[in-house]
Every structure is written in structure tokens, then in C-alpha cells.
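Number of protein chains: 2
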Amino acid sequence: MDTQTSAQTGGRSGLERFFAPRSIAVIGASANPAKIGARPLAALKTNGYQGQIYPINPNYDTIGGLPCYPSAQAVPGPIDLAIVSLPAPLVPEALRDCAQKGVAYAVVFSAGFAEAGPEGAALQREIERIVAESTLQVLGPNTAGAVFHHTAMVASFASTFMSPPVHQGSGIAFITQSGAFGVYVYNLAQQLGLVFDYYINTGNEAGLEVADFLEYLADRSEVRAVALYLEQVRDGTRFRRAAERCFRRGIPVIAVKVGRSAEARRAALSHTGALTGAEDVYDAVFRQSGVVRVDGIMELLELLDLVVKNAMPRGRRTGILTSTGGGGAWMTDLCRQAGLEVPEFVGPTREALEAVLPQFAAASNPVDLTGQMYTQRDLFRRCVAILARDPAIDALVLLSGGDPETVGVGVPETVVEASQSSDKPLLVAWVGAPDWFYRKLGAAGVPAFR
Amino acid sequence: MDTQTSAQTGGRSGLERFFAPRSIAVIGASANPAKIGARPLAALKTNGYQGQIYPINPNYDTIGGLPCYPSAQAVPGPIDLAIVSLPAPLVPEALRDCAQKGVAYAVVFSAGFAEAGPEGAALQREIERIVAESTLQVLGPNTAGAVFHHTAMVASFASTFMSPPVHQGSGIAFITQSGAFGVYVYNLAQQLGLVFDYYINTGNEAGLEVADFLEYLADRSEVRAVALYLEQVRDGTRFRRAAERCFRRGIPVIAVKVGRSAEARRAALSHTGALTGAEDVYDAVFRQSGVVRVDGIMELLELLDLVVKNAMPRGRRTGILTSTGGGGAWMTDLCRQAGLEVPEFVGPTREALEAVLPQFAAASNPVDLTGQMYTQRDLFRRCVAILARDPAIDALVLLSGGDPETVGVGVPETVVEASQSSDKPLLVAWVGAPDWFYRKLGAAGVPAFR
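Protein sequence lines, in the order shown, are assigned to chains Y and B. Just so it is clear: in the first sequence, position 318 is 318 by my numbering, and no numbers are missing. Just so it is clear: in the second sequence, position 7 is 7 by my numbering, and no numbers are missing.
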């Protein structure tokens with residue numbers, strides 16, 4: 001038994017070695033690329049994982065050029081992380097083997113546990129017993145796994161992780177209780193230019209649960225936001241404590257929580273065996289611990305995008321600039337519905353706006369720049385500068401539209417310049433521009449929405 | 001005075017000649033392409049308008065090869081529609097000239113009326129007097145104009161109408177009280193593959209107002225839906241009657257109405273001089289007359305897309321199919337929040353599903369097809385066929401995700417085939433597919449959302 005490794009992990013809550021393992025064993029490794037057991041080996045290679053990789057399968061001598069071992073205990077060196085891809089009935093024995101070897105962590109892909117009836121539930125209780133009686137910590141079973149791009153730790157079989165992402169370093173961690181749906185969300189984020197640094201699917205949570213990861217992430221310097229997809233929280237007290245720790249450290253936690261409706265609770269039960277609880281309790285816990293609950297995936301991703309772009313407003317008071325009076329009124333309604341304030345401009349701000357705006361444009365909130373916004377290039381930049389100076393305004397919204405190439409010369413550059421000249425976030429809602437426009441603004445760090 | 005034309009228009013409500021004019025005069029026509037007065041001439045040509053075009057401007061003999069006249073009365077033939085692009089103070093005289101000539105309709109681009117203070121308001125009252133004392137009907141002033149693609153009637157200066165649209169025939173009419181914002185929405189719709197057949201901006205409504213157009217469109221056979229962008233309704237009784245007529249004829253009327261918040265009402269006042277009224281009154285009128293009120297532009301366009309694709313569900317009872325248990329629970333929540341029902345399957349439907357589904361998938365609503373959906377191609381099609389037969393279900397929703405090319409062979413084809421085999425609408429919510437997937441499903445008439 002190799003106790004050195006588990007000692008170095010710092011007990012149950014320290015997940016450093018989980019996300020930065022020096023060695024990974026793949027139990028149920030396969031040379032057949034069609035098998036799930038072949039996927040972690042391939043993924044670790046293509047992602048450029050730098051540690052030791054140990055395929056484990058009694059039927060092979062080598063797999064993909066690597067020596068293959070009959071069991072975890074037969075591996076000559078220490079194992080930080082074991083990936084288990086075996087039929088459910090074989091899993092407890094493999095985990096006992098890992099525990100005896102002193103493996104620190106195991107990720108169990110295998111399904112057929114609590115989500116699959118009484119026989120599976122009994123198998124899951126066996127896993128729980130092993131966890132209780134050893135230092136082995138388990139993610140899963142019934143998990144799509146976990147990924148941390150910084151260390152190329154890819155303990156997953158999902159196709160999307162089989163090659164390294166084009167970008168990373170967003171600082172976003174994503175913990176999801178649904179594996180497949182979590183991957184869909186990860187993929188959608190990637191399409192929108194947002195690569196999550198962490199993907200963690202907790203599956204049936206026989207060992208590690210959401211609160212464990214939230215606790216760990218709260219103390220990581222590279223983490224800028226945590227996204228959650230929740231069906232249920234097992235240990236409410238620990239969850240709240242971890243979420244509060246994130247809040248205090250300025251890490252927004254944004255959650256989609258399933259189970260508002262009785263029908264959805266029924267559906268979750270037959271999915272991961274989760275008994276989703278009383279919604280008012282969840283809402284209260286979220287409110288107390290600063291968790292932002294959203295209903296839509298796009299809403300989740302748009303909020304994360306604001307975090308990445310440092311564009312989270314510090315308060316509710318919003319100044320609206322627009323090229324269309326009608327649209328300005330509509331945006332005012334949307335802001336009010338979202339609980340934001342659209343205060344009238346007063347004092348020096350109003351005077352400064354009046355000095356800059358054409359006579360027919362009112363110096364009120366929203367500021368209607370009219371079509372002059374496009375022809376008089378400096379007008380928008382000057383108005384942004386005036387509002388940026390006003391301590392009674394927390395954030396700026398530009399509502400405009402049309403094809404930026406036909407409406408005026410240098411529109412995207414003007415918007416980017418104006419944004420950079422303000423230390424208050426400028427959020428752009430531009431109706432009906434071509435895709436390049438949103439990408440261009442996004443790449444320059446200006447959040448832009450359709 | 002040429003009374004023949006106005007007699008043929010059938011009085012105030014018959015707008016046939018407005019949308020299918022045999023002749024159009026452009027008052028304030030210009031040979032300088034930088035001037036607004038040059039735009040309608042160019043647009044009518046590039047859109048292929050087949051009727052007579054009369055430029056009117058005392059300073060030219062010809063414009064763009066067409067003989068130019070000093071006034072409407074100097075034009076030798078009848079004029080169905082006059083487009084007026086003049087400074088505000090010159091507009092009343094030009095309209096009197098039109099009225100004496102017996103012109104049926106005038107579209108007045110010019111701004112500087114009720115929206116611009118007391119002097120402008122006096123000018124607008126002059127227009128109202130001319131309308132009251134003659135058979136001339138006026139759209140505007142302060143309007144971006146009106147367009148009907150079927151007849152290439154382009155009475156607008158907006159860039160987007162300077163060339164003909166790639167598609168038309170959607171059957172969608174769009175009436176907007178904001179010109180620029182209306183154009184933004186038109187452009188966004190076009191990007192999403194939806195070309196509005198009618199664009200109508202009512203501007204300051206000195207003459208024709210929203211209810212006039214709604215009344216007219218209710219009786220047009222090509223109209224399949226009416227989209228509204230409203231700041232205020234002037235004649236509530238007529239509006240309700242026209243909306244009810246649309247409802248009875250199966251034409252959905254979908255409205256974005258600005259002014260829920262006091263701040264937005266203030267903004268609308270300084271925009272088109274509109275006093276937006278009590279919101280509960282609007283909600284009541286909308287409810288009584290079957291108008292669907294939405295808050296978002298994307299929501300508006302998505303509903304219109306369902307109309308065009310014949311995919312409006314006949315009732316609230318929704319069957320959900322999914323490849324992800326977690327996502328299925330989430331979609332169940334979203335359906336319940338939207339006021340839909342997600343009833344449990346019973347009787348023959350349940351039995352048929354049980355016979356088809358793999359053992360580990362529950363035959364409940366949502367139906368979790370698991371990853372089998374991708375590998376067992378027939379599974380999805382068969383489940384759709386079973387639910388299509390169930391009279392207790394009104395619509396089907398598929399929630400899935402991932403890259404359709406990597407998750408399984410022939411995924412888009414399978415979805416399209418299954419949709420076509422059902423006479424209940426199948427709505428697809430697919431998280432994180434590439435753009436081509438949504439376009440492919442959309443082109444096949446299957447509404448697909450991110």
C-alpha cells in the first residue's frame with residue numbers, strides 16, 4: 001500500500017492532486033478505439049498530459065505502446081487518479097484494489113447503480129462503504145468525468161474532450177449533475193467563444209459531491225466564476241458555506257437548478273435518482289449565499305461572458321444610449337423588468353449632454369442620439385465619456401441596430417474606443433448586425449448581444 | 001382633380017391601391033444620391049416596381065431619365081401614391097397640392113412635427129386638417145415609410161430596402177410605430193431567414209394608424225401573421241375589432257408593446273410624442289382580442305417562425321423526448337413555466353413506448369432515449385410516431401445536443417423524417433450544434449432552436 005500519495009492530497013477536501021495528477025491509471029483500458037475504455041488514453045495523449053499513464057487490463061501486455069498492468073496494485077509507481085471504465089458489477093472490486101494500492105482518487109464512468117433500480121443501489125452502497133473505510137475518494141459512478149485544461153487532466157469519455165480546446169484560461173469552472181447535458185452546454189459555450197477551464201460531472205455522487213468541488217474552487221486563484229447545473233444539493237450546509245466563500249472572494253456562482261415543477265422533479269428522479277427538494281428552500285439558500293439562479297442556458301452563458309470580460313455592473317443604475325427612440329423605450333422596459341434602474345440624468349451630466357447633443361435630441365435617459373450617432377462619429381464617444389464620469393450611473397447600455405457597414409463608417413471601432421475610455425461596463429445590444437460585428441466587439445472585450 | 005383614383009380605393013379602409021399603386025410620385029425627388037429624396041426612386045427601380053414613377057421637383061427637368069414635374073397637379077396621369085421628402089414647413093402645401101390632384105395616398109418621411117415641440121405640433125394639425133377635408137390619406141409624418149414586396153411598392157428611405165430581398169412570401173406583415181427600430185427588427189428577421197412581406201411604419205399617425213392597417217391585413221389571403229411594435233394605440237375600439245377579426249380568421253397577432261415601466265413611457269413621449277397608456281388596459285384588450293404580447297424580439301421572431309412553418313401547437317399538452325435525463329428535467333421546468341402541460345403517458349401510448357424503449361429507459365414524460373437515440377436510429381422515429389397517435393398530446397419537443405456529426409450518423413435526416421411523419425408539431429431544442437444544423441432543419445420546415 002502506497003500511503004504517500006493520499007497523505008499528500010491533504011485529506012477529503014484538498015483536490016489539488018485530482019486536478020493535477022502526476023499519474024493516471026485507466027482501469028478497463030482498451031486497445032479497441034470503439035470502446036469507452038480507449039477514450040481516456042486517447043484524450044490524455046491528444047491533450048498533452050505530461051504525467052504517467054498506466055493502462056490496466058489483465059488481457060493486454062501493452063496498449064498504444066504503454067505497458068499494461070493486470071491491476072492497480074501491480075502498477076510499480078504511485079497512482080494519483082484512477083479512471084474506472086468497467087461493467088457495474090466489477091466496479092467495487094476494482095475500487096477495493098485502488099484503495100489497497102493507496103490511489104487518491106477514482107473517476108467511475110460506469111452506469112447501472114442507484115439510477116438503475118435496487119440491484120444497482122446495492123452496488124452503489126458498496127462503493128460508499130469503500131469510500132468510508134479508506135482514503136480513496138470517488139467521483140461518480142455514472143459520470144461523464146472531469147476535465148481541467150490547465151494540466152490536460154482529461155478523465156472523460158465525451159467526444160468534445162478528445163482534442164484540446166483552441167482557447168483556455170477563461171477562469172470558468174462548470175460543475176454539472178447531468179453529464180450529457182453538461183457536455184452540450186460546454187459545447188455551446190465553446191461555440192460562443194467561451195471555453196470552460198473546468199468541466200466536472202458529479203454523476204450519482206457516491207463520494208465527491210457538488211459542495212466538495214465548490215469548496216475547492218473558492219480558493220483557486222485562477223477561478224473567476226463557477227457555473228452550476230443542479231438537480232439536488234445533498235449537504236445544504238456545506239454547499240451554502242462553500243458558496244458564501246466564493247461570494248466573499250468575488251467569485252460569482254451562477255446556477256441553473258432543475259425542479260421548479262413537480263413534473264421536472266419526477267423526471268430527475270428517474271435520471272440520477274435525485275430527490276430534488278423544496279424549491280423555496282433552494283431559493284432561500286441561493287439568496288443567502290449569493291448564488292445567482294437563472295432559468296436559461298443562454299442567460300447562464302451571457303452572465304459568464306460578462307464575468308470574463310470584466311463587465312459585471314457594480315450596481316443597478318443604468319444609463320441607456322440609443323440610435324432609436326422606440327428601441328430606447330423598449331430597452332428601458334427590459335431594464336426595469338430585470339430589476340435595474342433607469343434614473344433621469346441631473347446636474348452636470350445633464351448640462352454636459354445638452355451641450356453635446358443636437359437640439360432635437362433630448363438629454364434624458366435613454367439618450368436618443370438619433371441617426372446622428374452614425375454620421376457624427378464623435379457624438380457617441382463624448383456621451384459615453386460624460387456618463388462614465390457620473391457617480392450616479394453604474395453601467396451603460398447601447399441599443400442600436402442595422403448593418404454597421406452601411407449605417408456609418410467605423411462603427412465597431414467607435415464603440416470599442418468608447419468602451420475602453422470608460423471604467424463602467426458598456427453592454428451593447430445591437431439588433432440585426434452580421435455575425436462578424438458581434439465577434440469583433442467580443443474579441444475587443446465588449447459584450448455584445450443580438 | 002382626378003377623382004377616379006380615390007373612388008377606386010374604396011374609401012378610408014381600403015388600402016389596396018396603397019400597397020399596389022399603379023403610379024407613384026416622389027415629391028422632393030433628388031438627382032443627388034446622398035439626399036433622402038433620391039432613395040425612393042432608386043429603391044423602386046432596383047426592386048422592379050412596374051407602375052409609373054413621377055419625380056416631382058421644380059428645379060429639374062428630368063431625374064434619372066424620368067421627366068420631372070414642378071408639382072403633383074402638373075403630372076399628366078393619375079397618382080395613386082405620393083412620397084413626400086421635404087422640409088417640414090413645406091409639407092402642408094405639398095399635401096394640399098396632392099389633395100387637389102386627387103392623389104389617394106401620401107407617405108410623409110419628413111420629421112419636425114408633433115415629436116419636435118409646439119411649432120411642429122401646429123404643422124401636424126395642418127396635416128390633420130387636410131386629411132379631414134379631402135380624400136387624401138396620409139401615412140406619417142416622421143415615418144420610415146411602408147413596403148410591400150409582392151408589388152415592389154417601396155415607399156421608404158431605409159438602406160435595407162434599397163435592393164430586393166432574396167426571399168419573400170412569408171405571409172408576415174410587420175406594423176411598427178418606431179421606424180429605425182422596426183428596420184433593425186426587419187434586418188434581424190432577414191438574417192434568421194424570415195423576410196417580412198409587409199413593413200409598415202406608422203410614425204406620428206396624423207392620418208393612417210395601426211388599426212387601419214390591421215383591419216386591412218385581416219382580410220388579405222396572403223397574410224399568415226401580423227407582428228406589431230407598439231408604443232400606443234390611439235383608437236382602442238377599432239384596434240380591438242381589427243385584432244379580433246385577425247383572430248377569427250386564424251391570423252395570429254403578436255405584439256411587443258413598450259411602456260410597462262414609467263421610465264419607458266417617459267422615453268416614448270419624447271420619441272413620437274406618444275402618451276402610452278395604462279398597461280393593465282392594454283393587457284386586457286390584448287387578451288380579449290387574442291393578441292399575444294411578448295417582451296423580447298427573439299421571442300417575437302421565434303413565434304413568427306413557428307407560424308411560417310405551420311408549427312403552432314393546438315394545445316398545451318406537450319410530449320418531451322430527450323437524449324439527456326438532466327436536460328429533460330430542465331425542459332420540463334421550462335415548459336411548465338411557460339404555462340404548458342407535461343402530462344404522464346398512459347394506456348396504449350405507455351405500452352407502445354415500453355415495447356420500443358431499451359429496458360433502462362423509462363416510458364414516462366419526458367422520454368429519456370439516452371445515448372441510444374444516436375446509435376439506434378429508428379428509436380427516435382418510432383417514439384415520435386407513438387406520441388403522434390396519442391390524442392392527449394398536442395405538440396412534441398425534442399431536447400438534445402452536441403455536434404450532430406459526431407454524436408451519430410444521419411441525425412438531421414432522422415429528425416426531419418420523424419417530424420414529417422407526425423401531424424403534430426415537433427419543436428427541436430438542440431444545444432450546441434453548429435449553425436448548419438439549425439439551417440438544415442429550418443429549411444426542411446422543422447423549427448430548431450439553440
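For every residue, glycine included, the Cβ atom is placed at its ideal position computed from N, Cα and C.
query, result
"Rounded straight-line distance, which links the Cα of GLY315/Y to that of ARG245/Y", "21 Å"
"Helix, strand or coil at ILE79/B [DSSP, three-state]", "coil"
"Amino acids of chain B, ordered along the chain, whose beta-carbon sits closer than 7 Å to that of ILE297/Y", "VAL431"
"Helix, strand or coil at ASP2/Y according to DSSP, with G and I counted as helix", "In this predicted model, ASP2/Y has a pLDDT of only 44, less than 50, meaning its place in the structure is not dependable; the value taken from the coordinates is given anyway. Correct three-state label for ASP2/Y: coil."
"When GLN124/B, GLU205/B, VAL26/B, VAL91/B are compared against SER156/B, the one with the closest alpha-carbon", "VAL26/B"
"is_contact[GLY325/B, chain Y] using C-beta, thresh 8 Å", "yes"
"Listed by chain order, chain B residues near LEU188/Y by CB distance under 8 Å", "GLY401, VAL431, GLY432, ARG450"
"Contact set between SER178/Y and chain B, taken where Cβ atoms lie within less than 7 Å", "THR324, GLY325, GLY326, GLY327"
"Secondary structure of LEU194/Y, DSSP reduced to three states", "coil"
"Beta-carbon proximity list for ALA249/Y, same chain, < 7 Å, skipping 5 on both sides", "This sequence places Arg at residue 249/Y; Ala is not what is there. Within the same chain, ARG249/Y has close Cβ partners ALA218."
"Test: GLN376/Y CB closer than 8 Å to a CB of chain B", "no"
"For ALA206/Y and SER364/B, the rounded distance between their alpha carbons", "26 Å"
"Nearest-angstrom Cα separation, counted from HIS150/B out to PHE516/B", "In the structure as shown, chain B starts at 1 and stops at 450, and residue 516/B therefore has no counterpart that could be examined."
"ILE240/B vs SER289/B beta-carbon contact at 8 Å", "Sequence check: residue 240/B is Arg here, not Ile. Cβ atoms of ARG240/B and SER289/B: closer than 8 Å."
"Whether ASP333/B touches ALA264/Y by CB criterion (8 Å)", "yes"
"Any chain B beta carbon closer than 8 Å to VAL154/Y", "no"
"Buried versus exposed, by CB contacts within 10 Å (16 or more), ALA257/B", "First, the amino acid is wrong: residue 257/B is Lys here, not Ala. It counts as buried."
"Selected residue, minimal CA-CA separation from ALA262/B, among ALA227/Y, GLY408/Y, GLU341/Y", "GLU341/Y"
"Status (buried if at least 16 other CB within 10 Å, exposed otherwise) for MET1/Y", "Note that MET1/Y scores a pLDDT of 40, beneath 50, so its modelled location is shaky; the value from the coordinates is reported in the next line. Burial call: exposed."
"Extent of the continuous beta strand (DSSP E) run through GLY315/Y", "It is not in any beta strand (DSSP E) - GLY315/Y carries neither H nor E in the DSSP assignment."
"Short Cβ contact (8 Å threshold) for GLN73/B with ASP97/B", "yes"
"For SER400/B: DSSP bridge partner residues", "TRP430/B"
"Buried or exposed by the 16-neighbour rule on C-beta atoms within 10 Å, applied to LEU390/B", "Residue identity check: residue 390/B is Asp in the sequence provided, not Leu. Classification of ASP390/B: buried, given that the 10 Å Cβ count is 16 or more."
"Bounding residues of the alpha helix (DSSP H) (the contiguous stretch that carries LYS440/B)", "435-443"
"Which listed residue (ALA242/B, PRO164/B, THR135/B, ASP61/B) has its alpha carbon closest to that of ASP80/B", "THR135/B"
"Within chain B, partners of ALA242/Y - CB distance below 9 Å", "The premise fails here: ALA242/Y is roughly 21 Å from chain B at the closest Cβ pair, so nothing lies under 9 Å."
"Three or more C-beta pairs below 8 Å linking the segment 284-299 of chain Y and the segment 219-239 of chain B", "no"
"Within chain Y, the residues that SER159/B reaches when beta carbons sit closer than 7 Å", "THR406"
"Minimum length 3: unbroken beta strand (DSSP E) runs contained in the segment 73-123 of chain B", "81-84, 105-108"
"At least 3 beta-carbon pairs within less than 8 Å: the segment 298-314 of chain B vs the segment 185-196 of chain B", "yes"
"Under 8 Å between C-beta atoms of LEU426/Y and LEU399/Y", "no"
"Enclosing beta strand (DSSP E) for VAL253/Y [first to last residue]", "253-257"
"Straight-line gap, SER221/B to GLY140/B (C-alpha atoms, nearest Å)", "26 Å"
"Boundaries of the alpha helix (DSSP H) in which VAL307/B is found, first to last residue", "297-308"
"Bridge partners - ARG22/Y, DSSP secondary structure assignment", "Note: ARG22/Y sits in no beta bridge, so no partner."
"Residues near SER422/Y by beta carbon distance below 8 Å, same chain, minus five either side", "VAL384, ALA385, LEU387, ALA388, LEU396"
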